[in-house]
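One line per chain: the protein sequences are A and B, in this order. Here my numbering = 1-based position in the first sequence + 50. Here my numbering = 1-based position in the second sequence + 38. Quick reminder that beta carbons are idealized off the backbone N, C-alpha and C, glycines included. What follows is one structure encoded as structure tokens, with my remarks underneath.
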Amino acid sequence: GAGVSQSPSNKVTEKGKDVELRCDPISGHTALYWYRQRLGQGLEFLIYFQGNSAPDKSGLPSDRFSAERTGESVSTLTIQRTQQEDSAVYLCASSPDGGNQPQHFGDGTRLSIL
Amino acid sequence: AQSVTQPDIHITVSEGASLELRCNYSYGATPYLFWYVQSPGQGLQLLLKYFSGDTLVQGIKGFEAEFKRSQSSFNLRKPSVHWSDAAEYFCAVGGYNFNKFYFGSGTKLNVKP
């Protein structure tokens, strides 16, 4: 089981609730990425971690979105006070060292806001 | 601004026919270019990448892509499509030590028997 693992695979919640999405990258990968994929659209870059720090948070769509990473491993993406427009598949990817190295993607978390 | 454009949202080809998926990019520095495939119910898988050198790159599953700097393009090709190639294909651009990647909106490929 050496791939990127995301949980939950599906999440349905009511508007206004907070949700937390989890990503377990490939062991030893220092770079971790979060993307959002709305229905019928491409991937939208959200945030990138190198180790535990996120040098670029400009992709986060609003202050309701936050992410953290600990131990250069697990990352969580938190969405507070969810809105219907947050419904999407949230994809996590990791790569050995960031930069120009290809990313390995998880299967995503499908988030549906009622 | 950095961006990737995949002009074709849907493409349908017959099995055994040739395939070309278009990708145009806008990038302010030397681009690093990727093609990913997303099969139904599966995650994204890297098909091939271009960093430097030979502008024609070979990937997995018989795919190739050609980098044309003058046209800002990185089109994906396959000489003979198989039914199992039906999937969504994404072109992406990034840069060395520039860790924000830009993905196109994808091209859905249907394969007719």
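- Residues of the stretch 90 to 122 of chain A with a Cβ closer than 9 angstroms to any Cβ of chain B, in chain order: G90, Q91, G92, L93, E94, F95, Y98, Q100, P105, D106, S108, G109.
- Taking CB atoms only, L84(B) has a neighbour in chain A less than 8 angstroms away.
- Against chain B, a Cβ distance below 8 angstroms from G78(A) picks out nothing, because the smallest value is about 17 angstroms.
- Note that the stretch 104 to 113 of chain B does not touch the stretch 130 to 148 of chain A; fewer than 3 beta-carbon pairs, one per stretch, sit closer than 8 angstroms.
- When the beta-carbon positions are compared, T159(A) and Y140(A) come within less than 8 angstroms of each other.
- The C-beta of D74(A) comes no closer than 8 angstroms to any C-beta of chain B.
- With respect to chain A, the C-beta atom of K99(B) has no partner C-beta closer than 8 angstroms.
- At least one CB atom of chain A sits nearer than 8 angstroms to the CB of F139(B).
- Between the alpha carbons of S41(B) and C129(B) lies a distance of about 10 angstroms.
- With a threshold of 8 angstroms between beta carbons, P152(A) makes contact with chain B.
- Here D123(B) is buried: its Cβ has 16 or more other Cβ atoms, across all protein chains shown, within 10 Å.
- Note that the stretch 74 to 82 of chain A touches the stretch 93 to 100 of chain A; at least 3 beta-carbon pairs, one per stretch, sit closer than 8 angstroms.
- Interface flag for K87(B) against chain A is set, since a Cβ pair is found closer than 8 angstroms.
- Within chain A, the residues Q91, G92 have their CB atoms less than 7 angstroms from the CB of S143(B), given in chain order.
- Contact between E58(B) and K150(B) does not hold, since their C-beta atoms are separated by about 17 angstroms, which reaches or exceeds 8 angstroms.
- Shown here for K65(A): same chain residues with a beta carbon closer than 7 angstroms to its own, the five before and five after excluded, namely T132, Q133, Q134, I163, L164 in chain order.
- Ranking F139(B), Y127(B), K138(B) by CA distance to the CA of K146(B) puts Y127(B) first.
- The distance from the Cβ of Y70(B) to that of F101(B) is about 17 angstroms, inconsistent with a contact at the 8 angstroms cut-off.
- Taking 8 angstroms as the threshold, the shortest C-beta distance from G81(B) to chain A falls below it.
- Setting aside the 5 residues that flank it on each side, P58(A) is surrounded in the same chain by T159, each with a C-beta closer than 7 angstroms to its C-beta; the list follows chain order.
- In the DSSP annotation of this structure, the continuous segment of the beta strand (DSSP E) that includes Y85(A) starts and ends at 81 to 87.
- F112(B) has a beta carbon lying at 8 angstroms or more from every beta carbon in chain A.
- Counting only residues of its own chain and dropping the five nearest sequence neighbours on each side, T128(A) has a CB closer than 6 angstroms to the CB of E70, S116.
- Positions of the beta strand (DSSP E) runs, each at least 3 residues long and wholly inside the stretch 90 to 126 of chain A, are given as 93 to 100, 103 to 106, 115 to 119 in order along the chain.
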